[in-house]
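Undergrad:
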Amino acid sequence: MGGYRVLGQVWGGWWRGPGVSSARKVAGFGTEARRQLQPRGSSKRSGSLGNQSFPGLLQPENLSREELVDVLRASVVDQKGKPGELTLFSVLPELSQSLGLGEQELQVVRASGKEASGLVLLSSCPQTASRLQKFFACSRRAQRPTATYWAVTDGIPATSEGKIQAALKLEYVDGVGSVVPVKSPSRKDILEGVKRTLSHFRVMATGPGCALVQLQPVTVFPSQLQVHMVLQLCPVLGDHRYSARVGTVLGQRFLLPAESTKPQKQVLDEAFLRRLHLTPAQAAQMPLHLHLHCLHLPGTRPRDAPIELLAPLPSYFSRTLQSLGLCQQ
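First residue of the sequence shown? That's 1 in full-length UniProt numbering, and the numbers climb one at a time after it.
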């Protein structure tokens, strides 16, 4: 198999490559480079209380261009074959020089969602990219997961493991997309873009009112894992888009209508905030605790064993696990 490289510990929204039309404006990195620019758990506080940064979240506005290139170069966890051109936001010239890339263009083969952290798989070889895309497509048809995510959830799933099935559609209101579930979709719904989705989950650890959950999507749909966990009444920590769909009355959780529930900052109770050692203002800046931890790829040659790529957790994710006492079982 031809050349590819993998970025681990990558944040959502800052990478940009072929086929990606825009880069999301970010408040910070969801990454921890092998050579950290700040001590673990440190945070810079500036401005008013409402502008407090989330501890362990690297702020791009505090970096020089050279430091940003260092972070990106340090995030490469695996590299095979000939290097190519890496288009990554505005630091392309510096990053290309730092990585010693040639003139071949890298293609984004697989990546986590815009707001999630984790692996980004890039290839400098069109044949390799095509082969990998076919591998992922065949795996989906066979309902064989190739990606494993870790998520910290507000709430504990009712069962320790299982599968989540839901028909989902993407709706736009005032130009903003939102994913909503569809009950008993008709053939017409499917033709109009409704997709039946499937994810497997397993609870890896639990704490008071929280859990570390392993998620393996079988299908691919925008925000699939976030919406699936909301349907389990356990929104992902830092989900400021869909968590408002979970309501609580007298300690009992229930689903609010997705179509009429507007996105808002995730609200956590005081006990939860104390365990996290966060102020409400800091919690409002909390990044999504959804991490593409592992990718399974075919071997380089047909007889080779499958390849397993792993991305270390970002420092803010590790800090949250420690604060909540979520140790993998």
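Beta carbons are placed, not taken as given, at the ideal position from N, Cα and C, and that holds for glycine. Please read these numbers as outputs of a predicted model, since none were measured by experiment.
Mind checking T248: buried by the 16 CB within 10 Å criterion, or exposed?
TA: It is exposed - the Cβ of T248 has fewer than 16 other Cβ atoms within 10 Å.
Undergrad: Is the separation between the beta-carbon of L237 and that of M286 shorter than 8 Å?
TA: Here L237 is near M286, since their CB atoms are less than 8 Å apart.
Undergrad: Give me the Cβ distance between V213 and T153, rounded to the nearest whole Å; I'm assuming they're in contact under 8 Å.
TA: 6 Å
Undergrad: Tell me whether A167 sits in a helix, a strand or coil according to DSSP, three-state version.
TA: strand
Undergrad: Given a threshold of 16 other Cβ atoms within 10 Å of its Cβ, counted over all protein chains shown, does Q264 qualify as buried or as exposed?
TA: exposed
Undergrad: Please give me, in chain order, every unbroken run of the beta strand (DSSP E) with length at least 3 that falls completely inside the UniProt domain "Pseudouridine synthase RsuA/RluA-like" (93-229).
TA: 107-111, 117-123, 147-154, 161-173, 176-182, 195-207, 210-217
Undergrad: Identify whether T261 lies in helix, strand or coil by the three-state DSSP scheme.
TA: coil
Undergrad: Contact between the region 267-281 and the region 186-198 is defined here as three or more beta-carbon pairs at a separation below 8 Å; is this criterion met?
TA: no
Undergrad: Where does the unbroken alpha helix (DSSP H) through T320 begin, and where does it stop?
TA: 315-324
Undergrad: Count the other CB atoms within 10 Å of the CB of H277; is the residue buried (16 or more) or exposed (fewer)?
TA: exposed
Undergrad: Any idea if A244 is buried or exposed, counting beta-carbon neighbours within 10 angstroms, 16 or more meaning buried?
TA: buried
Undergrad: Using alpha carbons as the reference points, say which of D239, H200, V220 lies closest to C138.
TA: V220
Undergrad: Going by Cα to Cα distance, which pick from L321, S318, Q165 is closest to L198?
TA: Q165
Undergrad: Is R241 helix, strand or coil by DSSP?
TA: coil
Undergrad: Just mark A142 as buried or exposed, buried being the case when its beta carbon has 16 or more other beta carbons within 10 Å.
TA: exposed
Undergrad: Near H305, which residues of its chain fall below 6 Å by C-beta distance, leaving aside the five closest residues on each side in sequence?
TA: Per the sequence shown, residue 305 should be read as Ala rather than His. Same-chain partners within the cutoff: G299.
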